[in-house]
Amino acid sequence: MPSPRFILTIEGAVVAAAFATLPLVILQAHGAEDPALELVDWGIWLVFIAEYVVRLSAAANRRVFVARNWFALAVIAVSFPLLPSLMSLARVARLATVVRLVRVVFVVAWSVHALKAIFGRTGVLLVAGLAIGLAIGAAAALALLEPQTTPGGFWTAAWWAVVTMTTVGYGDIVPVSGLGKVLAALLMLAGIGLVSTLSASVAAYFVDQDGTKDLAVIEARLERIERALEELRTGGTRPGG
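Sequential numbering from 4 applies to the sequence shown in our numbering.
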């Protein structure tokens, strides 16, 4: 059975592969053809398969695991590097953009699972990781959905995602599609959540510092009280006392 450390390493590779998928999909959508991109695409796909196989081998009940993790198989299916070529052969090339968009959504969702496995279910790192993943995913999705809105491609969309998440809203890039506006709303909510979490963590840190000082004072007082009680008890039991 794989060790917990090895499983966490695989989960980290999944997060890296998920983030690498997003700009890769954008480049492919714009017709980029390069052997290096193909190698990266195959490498990402193999990482997803390896993660699934590792988790499957560590599962107590593999049938239950397969039934509960059908989404992982869906991610592997839509991430198959030859899928766009097969769609072209089947004369459904027009659906390639839809498949790429589905791939972005699925990969981001799976990276959320990997982030939870790495950082736990709570914590600033988890929230920050989810916010970054959402920003990159939303940027990739907007670049695919509205190329006319993001003339610079992925990097222009990434700028829009950061500006929207921080609720600055310069207004230089404005989504026009319904899905684009939904993505903008999600980014705003994620930005508010991230700022709130960071603020709560900072406040908790200072409260904890004050609590530690107060605890030290209380412990010192208890020590003095115990010494005084011990002296009284000892003095009260002396012969002729």
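From the three backbone atoms N, C-alpha and C, an ideal C-beta is built for every residue, glycine too.
According to DSSP, is P26 helix, strand or coil?
For the purposes of this step, residue 26 is identified with residue 23 of the sequence shown, where counting begins at 1. In the three-state scheme derived from DSSP, where H, G and I count as helix and E and B as strand, P26 is classed as helix.
Taking buried to mean at least 16 other C-beta atoms within 10 Å of its own C-beta, is L201 buried or exposed?
Counting from 1 along the sequence shown, the entry for residue 201 is found at position 198. Label assigned to L201: exposed.
Straight-line CA distance for F9 to V177?
Counting from 1 along the sequence shown, the entry for residue 9 is found at position 6. Counting from 1 along the sequence shown, the entry for residue 177 is found at position 174. Looking at the two C-alpha atoms, the distance is approximately 43 Å.
Alpha carbon to alpha carbon, how far is E229 from V220?
Locating residue 229 in the sequence shown gives position 226, where the first residue counts as 1. Locating residue 220 in the sequence shown gives position 217, where the first residue counts as 1. For E229 and V220, the gap between their C-alpha atoms comes out near 14 Å.
With contact counted as at least three CB pairs below 8 Å, one residue from each stretch, are the segment 152-168 and the segment 39-49 in contact?
Contact between the segment 152-168 and the segment 39-49 is absent, because fewer than three Cβ pairs lie under 8 Å.
Would you please state the rounded distance, in angstroms, between the beta carbons of L140 and V107? I believe it to be under 8 Å.
Reading the sequence shown from its first residue, position 137 is the one you call residue 140. Reading the sequence shown from its first residue, position 104 is the one you call residue 107. For the record, residue 140 in the displayed sequence is Gly; it is not Leu. In this structure G140 touches V107 by the C-beta definition: roughly 6 Å separates them, less than 8 Å.
Helix, strand or coil, according to DSSP, for G244 in the structure here?
Your numbering for residue 244 matches position 241 in the sequence shown. At G244, the pLDDT of 48 sits below 50, so the modelled position is not reliable and the matter cannot be decided from this model.
Is the segment 50-59 touching the segment 68-75 in the sense that three or more CB pairs, one from each, lie closer than 8 Å?
Taking a cut-off of 8 Å for Cβ pairs, the segment 68-75 and the segment 50-59 touch, as three or more such pairs fall below it.
Go ahead and label V67 buried or exposed: buried means 16 or more other beta carbons lie within 10 angstroms of its beta carbon, across all protein chains shown.
In the sequence shown, the residue the question calls residue 67 occupies position 64. Classification for V67: exposed.
Report the residue from A21, L182, S60 whose alpha carbon sits nearest the alpha carbon of V50.
In the sequence shown, residue 50 corresponds to position 47, counting from 1. Closest by alpha carbon: A21.
Classify I183: buried if its beta carbon has 16 or more other beta carbons within 10 angstroms, exposed otherwise.
Residue numbering aside, residue 183 sits at position 180 when the sequence shown is read from its first letter. Contrary to the premise, residue 183 reads as Gly rather than Ile in this sequence. It counts as buried.
Take A62 and list the residues in its own chain whose beta-carbon comes closer than 8 Å to its own, dropping the five residues that flank it on each side.
In the sequence shown, counting from the first residue as 1, residue 62 sits at position 59. Excluding sequence neighbours, A62 sits near F68.
Using the C-alpha atoms, what's the distance from V198 back to E234?
Reading the sequence shown from its first residue, position 231 is the one you call residue 234. Reading the sequence shown from its first residue, position 195 is the one you call residue 198. One Cα belongs to E234, the other to V198, and the distance between them is close to 54 Å.
Run of the alpha helix (DSSP H) containing L40, from where it starts to where it stops
Taking the sequence shown and counting its residues from 1, one reaches residue 40 at position 37. Run containing L40: 38-61, per the alpha helix (DSSP H) assignment.
Nonlocal neighbours in the same chain, by C-beta distance under 7 Å from Y173, ignoring five residues either side
Within the sequence shown, the letter at position 170 stands for residue 173. Residues of the same chain with a CB within less than 7 Å of the CB of Y173, apart from the 5 flanking positions on each side, are V166 in chain order.
Expressed to the nearest angstrom, what Euclidean distance is found between the alpha-carbon atoms of E222 and A206?
To locate residue 222, count along the sequence shown from 1; it is residue 219. To locate residue 206, count along the sequence shown from 1; it is residue 203. CA-CA distance, E222 to A206, rounds to 24 Å.
Does the Cβ of E14 have 16 or more other Cβ atoms within 10 Å, making it buried, or fewer, making it exposed?
In the sequence shown, residue 14 corresponds to position 11, counting from 1. Under the 10 Å beta carbon count, E14 is surrounded by 16 or more other beta carbons and is classified as buried.
Chain-order list of residues whose beta-carbon lies under 6 Å from that of L137 (same chain, five-residue window excluded)
The count along the sequence shown starts at 1 and reaches residue 137 at position 134. These residues qualify, in order along the chain: A193.
Measure how close the beta-carbons of F157 and P26 come, nearest whole angstrom, since I'm counting them as under 8 Å.
Numbered from 1 along the sequence shown, position 154 holds the residue referred to as residue 157. Numbered from 1 along the sequence shown, position 23 holds the residue referred to as residue 26. Between P26 and F157 the Cβ distance is about 5 Å, and since that is below 8 Å, they are a contact.
7 Å Cβ cutoff met for V18 and S114
For this step, residue 18 is matched to residue 15 along the sequence shown. For this step, residue 114 is matched to residue 111 along the sequence shown. Taking 7 Å as the Cβ cut-off, V18 and S114 qualify as a contacting pair.
Opening and closing residue of the alpha helix (DSSP H) in which T170 lies:
For the purposes of this step, residue 170 is taken as residue 167 along the sequence shown, with counting starting at 1. It is not in any alpha helix (DSSP H) - T170 carries neither H nor E in the DSSP assignment.
Taking the alpha-carbon of L189 as reference, which of E36, V28, P87, T169 has the nearest alpha-carbon?
As a first step, residue 189 must be located in the sequence shown, where it is residue number 186. Nearest C-alpha to L189: T169.
Under 8 Å Cβ to Cβ from L145, same chain only, skipping five residues before and after it: list those, please.
Along the sequence shown, read from residue 1 onward, the residue named residue 145 stands at position 142. In chain order, T152, T153, A160, W163, A164, P178, G183, L186 place their CB closer than 8 Å to the CB of L145, counting only its own chain and leaving out the 5 sequence neighbours on each side.
Buried or exposed (CB count within 10 angstroms, at least 16 for buried), V111:
Within the sequence shown, numbered from 1, the residue matching residue 111 stands at position 108. Result: buried.
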